[in-house]
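Protein sequence lines correspond, in order, to chains P and E.
Position 138 (the first sequence) corresponds to 138 in this note's numbering; numbering is contiguous.
Position 151 (the second sequence) corresponds to 151 in this note's numbering; numbering is contiguous.
Think of the CB as a built atom: it goes at the ideal place given N, C-alpha and C, for glycine as much as any other residue.
The next block holds one structure in the form of structure tokens; read it before the comments.
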Amino acid sequence: MSSSMHLAEDLYKKDVTSEPIRKGFGRGLLEAGKRNSNVVALCADLTESTQIHLFAKEFPERFIEVGIAEQNLATVGAGLAAMGKIPFISSYAAFSPGRNWEQIKTTACINQRPVKVIGSHAGLYTGPDGATHQMLEDIALMRALPNMAVIVPCDSVEAEKATLAMANHPQANYLRVARDSSPIVTTTHTPFEIGKAYVFAKGDDITLVATGTMTYQALMAAEMLFKDGIDAEVVHVPTIKPLDGVTLLHSVRKTKHVITIEEAQINGGLGSAVAELLGEHAPTPLLRMGIKDRFGESGQPAELLEHFGLTAKNIRLAAVHMLETNHK
Amino acid sequence: MVKKMSIKELEKKAYDVRIDIIKMLEHAGNGHSAGPLDLADMMTALYFDVLKHDPKKPDWDERDLFIMSNGHCAPVLYAVMAHAGYFDKKELMTLRRFGSRLQGHPERTSLPGLETTSGPLGEGLGQAAGMALAMKMDQQSHRWIYCMMGDGELNEGNIWESAMLVAKYKLSNVIGIVDRNNIQIDGTTEYVMPLEDLKGKWESFGWHVIEIDGHNIEAFIDACAMARAIVEKPVVIIAHTIPGKGVDYMEYDYHWHGIAVGIADVAGAPPKHDQAAVALRELRSLKGKITGDHE
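Pasting the structure below:
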């Protein structure tokens, strides 16, 4: 564990503190609203679910309810941004950016307006709602857009910092947050900057590159691997675009083995981003863990992580196997 | 600021704009013909009478905002902007060329004076609503936002999402204009996807509707004044126009929606190499004959 990262003290305990990542967004937005009167919030009939109600209650005159109309959510946001506002538009990721991607492309990205897109209920942590609501393609969709930063925090504490950073960022941004509780990995002292990746655990044998809720699983896997005599480095990537190639390449050139872990489609997601980076700059044996070209299904998040092979145990096995295979 | 003109001068200016549109399209070798030609009267009226704007200060913070939601009608927007003094008219001939500020569809960041990037349909009214909401938050009630929409564009669900929101928040400084020319790429609007009862649709969405002849510049200017005076509801002006207005062989023919002069032989039109010359000859002779009803 890297002491300079100031990770949560109870991180390795069984009863680690947990909280939905979206709650951090809600608190961050409220704080951003207090700091800057140009911050405004829009929602598509999911005010409490997306945690934007905290802002709406404090600043009703700066809150717009657009109804179940995600295309309009994006275009109205772009119009507000045209007048100097900093609009945070929130819905479930399945619908925004799932339904309004073209509006985001045209009115925020080509048009260069700093619309802040909040995709809540992304990934498997959406649980029982099933495949239609478990957005797994959002990272791929948003990563393809010029003038768009893609941010995937690992916990509610980091989500709060990311929200505040987005309010000061000149471009359109996408923030991916999850519904159900997940372990809190970081503290208020953990560094966060848009565009930076962080080494959360140091090691020389293999690099585990993780984002979102998978960073916790990667840290737990590193802990198990340590007992196996394998020194794994965990690089947390909260910004998938722009990707922090310097930090990643520095780690990979040392360990020469890489596993990416994400709770999203590996096609177009973090796995793709890292594969592209390595392919061009440092070809290295790579395993991409994540959702492999299929849709989700109903279940509790823990059951789904198990089913899709995205637990610390799975990561540990994959790392052991990779090192064995490559050393034969 | 732009010097005010008489109705007769505006009508003549609209024909100069049409002549430029034909030259631009012929030079570009592609682009849309019918919509830009039918919008020439209203667009001239907007940029030379209705809008509060200053071509020398495109980012003047007191200006009215004009949004062309039907971005494929860019040629008429560029032509009136050049005539109003936003840039040199010579630049009009760069339309759709590599390196030009006059992109095939309007791109805000490439040309000062454009308020939005448009082209993908249905996105202008929502942006107008966002702008109006921001003005409301900042207590700016003296600025107007005019949003031009095509009638075919009203097939888009996004438009009606925006129409509901504008009515909900009583954003009466948004003024919608519908270019009711009855055509879209695949045919007439009523064939492709019937819009009627269009007036009833807007009214049921909470809007006040004014219907006018979109080639009657005086009626359009009056309609805009009335729209500004109505504060309890947002107003949409349904402007009935003749697609391809001013060029006899294009008028009413949906085939001219998405093509430029000089690139294809179209039934009822001169051979392609003659199309621009015939159109220009006709527009020049019409311009000499204009006399408004007001005289």
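Local Cβ density within 10 Å of residue i, reported as buried at 16 or more and exposed below that
i, result
"Ser-329 (chain P)", "Nothing can be reported for residue 329 (chain P): it is not among the residues displayed for chain P, which extend from 1 to 328."
"Thr-132 (chain P)", "exposed"
"Asn-30 (chain E)", "exposed"
"Thr-296 (chain E)", "In the structure as shown, chain E begins at 1 and stops at 295. Residue 296 (chain E) is therefore absent and cannot be evaluated."
"Thr-188 (chain P)", "exposed"
"Thr-50 (chain P)", "buried"
"Gly-279 (chain P)", "exposed"
"Phe-98 (chain E)", "exposed"
"Phe-295 (chain P)", "exposed"
"His-281 (chain P)", "exposed"
"Asn-168 (chain P)", "exposed"
"Asp-293 (chain E)", "Since pLDDT at Asp-293 (chain E) reaches only 48, below the 50 mark, its modelled position is unreliable, and the value read off the structure follows with that caveat. Asp-293 (chain E) comes out exposed."
"Asn-111 (chain P)", "buried"
"Trp-60 (chain E)", "exposed"
"Asn-326 (chain P)", "exposed"
"Lys-34 (chain P)", "exposed"
"Asp-49 (chain E)", "buried"
Cβ of residue i within 8 Å of any chain P Cβ
i, result
"Gly-104 (chain E)", "no"
"Ser-204 (chain E)", "no"
"Ala-167 (chain E)", "no"
"Met-137 (chain E)", "yes"
"Asp-16 (chain E)", "no"
"Met-164 (chain E)", "yes"
"Gly-157 (chain E)", "yes"
"Pro-120 (chain E)", "yes"
"Leu-111 (chain E)", "no"
"Asp-293 (chain E)", "Unreliable positioning characterises Asp-293 (chain E) in this predicted model, as indicated by a pLDDT of 48, which lies under 50. The coordinate reading is nonetheless provided below. No, Asp-293 (chain E) does not count as interfacial toward chain P."
Where residue i meets chain E, residues with beta-carbon distance less than 7 Å
i, result
"Ala-69 (chain P)", "Glu-161"
"Ile-64 (chain P)", "Leu-133"
"Ile-330 (chain P)", "Chain P is shown from 1 up to 328; residue 330 (chain P) falls before or after that span and cannot be answered."
Chain-ordered chain P contacts of residue i [CB-CB under 9 Å]
i, result
"Glu-153 (chain E)", "By Cβ distance, chain P contributes nothing, its closest Cβ being about 13 Å from Glu-153 (chain E), past 9 Å."
"Glu-123 (chain E)", "Gln-71, Ala-74, Thr-75, Ala-78, Glu-102, Gln-103, Thr-106 and Thr-107"
CA nearest to the CA of residue i, picked from the options
i, options, result
"Ser-4 (chain P)", "P:Thr-190, P:Thr-47 and P:Ala-74", "P:Thr-190"
"Val-185 (chain P)", "P:Met-214, P:Ile-104, P:Lys-116 and P:Lys-241", "P:Met-214"
"Glu-211 (chain E)", "E:Gln-184, E:Lys-233, E:Glu-232 and E:Arg-180", "E:Arg-180"
"Lys-52 (chain E)", "E:Lys-3, E:Asp-248, E:Gly-104 and E:Gln-139", "E:Lys-3"
"Gln-300 (chain P)", "P:Gly-269, P:Asp-231, P:Leu-124 and P:Ala-172", "P:Leu-124"
"Pro-120 (chain E)", "E:Gly-157, E:Arg-281 and E:Ile-242", "E:Gly-157"
"Asp-16 (chain E)", "E:Lys-89, E:His-72, E:Glu-218 and E:Pro-58", "E:Lys-89"
"Ile-118 (chain P)", "P:Ala-221, P:Leu-310, P:Ala-44 and P:Ala-93", "P:Ala-93"
"Ala-34 (chain E)", "E:Trp-160, E:Arg-63, E:Cys-73 and E:Ile-238", "E:Cys-73"
"Leu-29 (chain P)", "P:Ala-264, P:Ala-56 and P:Lys-14", "P:Ala-56"
"Pro-312 (chain P)", "P:Glu-158, P:Val-234 and P:Gly-269", "As written in the sequence, residue 312 (chain P) is Ala, which differs from the Pro given in the question. Taking only the C-alpha atoms, the option nearest Ala-312 (chain P) is P:Val-234."
"Ile-86 (chain P)", "P:Gln-71, P:Thr-47 and P:Ala-172", "P:Ala-172"
"His-321 (chain P)", "P:Asp-205, P:Ala-275 and P:Glu-19", "P:Asp-205"
"Gln-71 (chain P)", "P:His-53, P:Ala-81, P:Gly-98 and P:Leu-304", "P:Gly-98"
"Leu-280 (chain E)", "E:Lys-8, E:Leu-37 and E:Met-5", "E:Leu-37"
"Gly-127 (chain P)", "P:Ile-230, P:Arg-179 and P:Ser-37", "P:Arg-179"
"His-208 (chain E)", "E:Asp-186, E:Ile-183, E:Ile-21 and E:Ile-177", "E:Ile-177"
"Glu-263 (chain P)", "P:Ile-291, P:Tyr-216 and P:Asp-138", "P:Ile-291"
"Met-224 (chain P)", "P:Ser-18, P:Ile-64 and P:Leu-208", "P:Leu-208"
"Gln-103 (chain E)", "E:Gln-275, E:Ala-79 and E:Val-236", "E:Ala-79"
Chain P residues whose Cβ lies nearer than 7 Å to that of residue i
i, result
"Ala-129 (chain E)", "Val-76 and Gly-79"
"Gly-187 (chain E)", "By Cβ distance, chain P contributes nothing, its closest Cβ being about 24 Å from Gly-187 (chain E), past 7 Å."
Partner residues on chain E for residue i, Cβ-Cβ distance less than 9 Å
i, result
"Ala-82 (chain P)", "Leu-65, Arg-108, Glu-115, Thr-116, Gln-127, Gly-130, Met-131 and Ala-134"
Partners in chain E for residue i, counting only beta-carbon separations shorter than 8 Å
i, result
"Glu-61 (chain P)", "Met-137"
8 Å Cβ cutoff, residue i in contact with chain E
i, result
"Lys-85 (chain P)", "yes"
"Ala-318 (chain P)", "no"
*Within the region 205-240 of chain E, note down every full alpha helix (DSSP H) run reaching 4 residues or more, in order along the chain.*
Complete alpha helix (DSSP H) runs here, min 4: 217-229.
*asked:* To test your reading of the DSSP string, which unbroken alpha helix (DSSP H) runs of 4 or more residues are found completely within the region 125-185 of chain E?
replied: Entirely contained in the region 125-185 of chain E, the alpha helix (DSSP H) runs reaching 4 residues are, in chain order, 157-168.
*Return the chain-ordered ranges of every beta strand (DSSP E) run that is complete within the region 11-72 of chain E and spans a minimum of 3 residues.*
As far as the region 11-72 of chain E is concerned, its whole beta strand (DSSP E) runs of at least 3 residues are 65-68.
*For the region 39-72 of chain P, which segments carrying the beta strand (DSSP E) assignment without a break, of at least 3 residues, lie completely within its bounds, in sequence order?*
For the region 39-72 of chain P, whole beta strand (DSSP E) runs of length 3 or above, ordered along the chain, are 39-43 and 63-65.
_Those runs of the alpha helix (DSSP H) which lie wholly inside the region 284-328 of chain P and span at least 4 residues_ = Counting only unbroken stretches of 4 or more residues, the alpha helix (DSSP H) elements lying wholly within the region 284-328 of chain P are 301-307 and 312-327, in sequence order.
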